[in-house]
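What follows is a short report on a single structure.
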Amino acid sequence: MKKFQFRLDTLLKYRQMQNEQAQLKFMQASQVLHEEKEKFDKLTIKLTESIVSFRKYQDSSPIIDELKDFQNYFDKIRENIKHQSMRVNEAQAVQQERLQELQQAAKNYEIVEKFRVKRLLQYQAEALSEEQKYLDELGLQNYVRKS
Numbered sequence: 002m003k004k005f006q007f008r009l010d011t012l013l014k015y016r017q018m019q020n021e022q023a024q025l026k027f028m029q030a031s032q033v034l035h036e037e038k039e040k041f042d043k044l045t046i047k048l049t050e051s052i053v054s055f056r057k058y059q060d061s062s063p064i065i066d067e068l069k070d071f072q073n074y075f076d077k078i079r080e081n082i083k084h085q086s087m088r089v090n091e092a093q094a095v096q097q098e099r100l101q102e103l104q105q106a107a108k109n110y111e112i113v114e115k116f117r118v119k120r121l122l123q124y125q126a127e128a129l130s131e132e133q134k135y136l137d138e139l140g141l142q143n144y145v146r147k148s
């Protein structure tokens with residue numbers, strides 16, 4: 002009997018390649034999300050440190066212009082935090098989208114892989130059956146010769 006040949010081997014390799022690409026895109030999206038969260042955290046820490054610094058400054062006699070400068074600075078940081086929060090949300094949405102793509106690619110690969118395994122088992126059963134027939138025939142021929 003000839004060697005097992007899966008007719009959809011090319012499709013299986015293609016689906017595997019799609020799965021690997023989806024994994025890569027998901028990892029990249031996760032990395033972007035991580036970086037955006039780090040930027041958000043840094044801005045939040047910067048605001049907190051600035052407020053602490055401002056409170057220390059208030060203990061001395063503050064000048065109105067400097068108070069306005071502090072207020073403008075706080076507003077700018079808060080605006081940056083708001084924008085960064087939107088970027089984090091966008092990165093989370095992209096990551097979720099890439100996760101769904103990865104799940105679909107994995108499912109598509111798994112379907113073809115299960116079909117390949119099913120065909121392989123079928124091939125092995127047929128090979129075993131043919132071998133059994135051959136052995137039965139040899140046994141029958143030996144029996145006929147001895148009789």
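To convert, take the position in the sequence shown, counting from 1, and add 1; that gives the working numbering. Glycine is no exception: its CB is placed at the ideal position from the N, C-alpha and C atoms. Everything numeric in this text was worked out from a predicted model, so none of it was measured.
Among residues of its own chain, excluding the 5 on either side of residue i, which ones have a beta-carbon nearer than 7 Å to its beta-carbon?
i	result
Ser31	Gln96
Leu121	Phe5
Tell me the DSSP secondary structure of residue i in three-state form.
i	result
Lys4	coil
Leu100	helix
Ser148	coil
Ile112	helix
Ile78	helix
Ile64	coil
Please report the Cβ distance between residue i and residue j, rounded to the nearest whole angstrom; I am assuming they are in contact, meaning their Cβ atoms lie under 8 Å.
i	j	result
Asn143	Arg16	Actually they do not touch by this definition, with Cβ atoms about 49 Å apart.
Leu44	Asn81	5 Å
Glu132	Ala92	Not quite, the Cβ-Cβ distance comes to about 58 Å (not below 8 Å), so this is no contact.
Arg88	Leu48	So it is not a contact: roughly 16 Å between Cβ atoms.
Gln85	Lys40	5 Å
Ala106	Gln19	5 Å
Ser54	Phe75	Their Cβ separation, rounded to whole angstroms, is 11 Å, which puts Ser54 and Phe75 out of contact at 8 Å.
In chain order, what residues of the same chain have a beta carbon less than 8 Å from the beta carbon of residue i, not counting five sequence neighbours either side?
i	result
Leu9	Val113, Phe116 and Arg117
Phe27	Gln96, Arg99, Leu100, Glu102 and Leu103
Leu34	Val89, Ala92, Gln93, Val95 and Gln96
Phe7	Leu13, Arg117, Arg120 and Leu121
Lys134	none
I need the boundaries of the alpha helix (DSSP H) containing residue i, first residue and last residue.
i	result
Leu12	Asp10 to Asp60
Sorted by chain position, which residues of the same chain lie with C-beta nearer than 6 Å to residue i's C-beta, five sequence neighbours on each side aside?
i	result
Leu68	none
Below 8 Å, how does it come out for the region 10 to 29 and the region 96 to 114: are there three or more Cβ pairs, yes or no? yes
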